[in-house]
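Asker: First, the structure itself, so that you have it in front of you.
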Amino acid sequence: MITAREFITKEIDRLSSLISNGIDKESNLQLKKELSDAIHLLEMFDCYQISKKTIDMILELPDSRTGYSEYRIMNDCESDDPAQWIELKINDKKIKLSEGDIIIRKK
């Protein structure tokens with residue numbers, strides 16, 4: 000049985016051949032780009048173990064209406080006192096988010 004990834008990869012190869020032969024070049028280039036994006040998303044899903052079954056919620060950060068502000072992710076250290084909170088760092092970099100960024104909450 001062929002996987003979705005294999006099917007898409009074969010279709011990208013077929014489109015590349017059509018494009019190199021000048022057949023409906025513009026439409027085939029667009030379709031190839033969309034399929035390449037789909038492959039990229041499948042790779043991300045595999046890397047982060049994301050699937051329809053593992054996603055609890057997808058949140059898009061709203062406009063803060065405070066000018067150009069950033070959202071930050073904090074560890075509340077089990078305290079309601081913001082002075083006790085620690086800002087999340089990954090690879091020694093603080094995570095700063097902006098309106099329109101998304102957060103995927105896993106189950």
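Residue 106 is where the sequence shown ends in numbering that gives the first Met the number 0, and the numbering goes up by one at each step.
We treat Cβ as the ideally placed atom computed from N, Cα and C, and that holds for glycine.
Who pairs with Tyr70 in a beta bridge, going by DSSP?
Answerer: For the purposes of this step, residue 70 is identified with residue 71 of the sequence shown, where counting begins at 1. Paired residues: Leu96.
Asker: Could you check where the beta strand (DSSP E) with Glu59 kicks off and where it finishes?
Answerer: As a first step, residue 59 must be located in the sequence shown, where it is residue number 60. Start and end: Ile54 to Glu59.
Asker: In three-state terms, what does DSSP make of Ile49?
Answerer: On the sequence shown, position 50 is the one that residue 49 refers to. Coil at Ile49, not helix or strand.
Asker: For the beta strand (DSSP E) that Arg113 lies in, which residues bound it at each end?
Answerer: The displayed coordinates of the chain run from 0 to 106. Any statement about residue 113 would go beyond what the structure contains.
Asker: With burial defined as no fewer than 16 other Cβ atoms inside 10 Å of the residue's Cβ, what is the status of Leu14: buried or exposed?
Answerer: Here residue 14 is taken as the residue at index 15 of the sequence shown, counted from 1. Classification of Leu14: buried, given that the 10 Å Cβ count is 16 or more.
Asker: Identify, in the order they occur along the chain, each residue of the same chain with its Cβ nearer than 6 Å to the Cβ of Met56, setting aside the five sequence neighbours on each side.
Answerer: As a first step, residue 56 is located in the sequence shown; it is residue number 57 there, counting from the start. Answer for Met56: Arg104, listed in chain order.
Asker: If you follow the alpha helix (DSSP H) that Arg157 is in, where does it begin and where does it stop?
Answerer: In the structure as shown, the chain starts at 0 and stops at 106, and residue 157 therefore has no counterpart that could be examined.
Asker: Taking only three categories from DSSP, how would you classify Ile38?
Answerer: The residue labelled residue 38 in the question sits at position 39 within the sequence shown. In the structure shown, Ile38 sits in a helix (DSSP, three-state: H, G or I).
Asker: In three-state DSSP terms, what is Glu77?
Answerer: Residue numbering aside, residue 77 sits at position 78 when the sequence shown is read from its first letter. Glu77: coil per DSSP, three-state reduction.
Asker: Assuming contact is defined by CB atoms lying nearer than 8 Å, are Asn27 and Ile38 in contact in what I supplied?
Answerer: Along the sequence shown, one-based indexing puts residue 27 at 28. Along the sequence shown, one-based indexing puts residue 38 at 39. No, they are not a contact pair.
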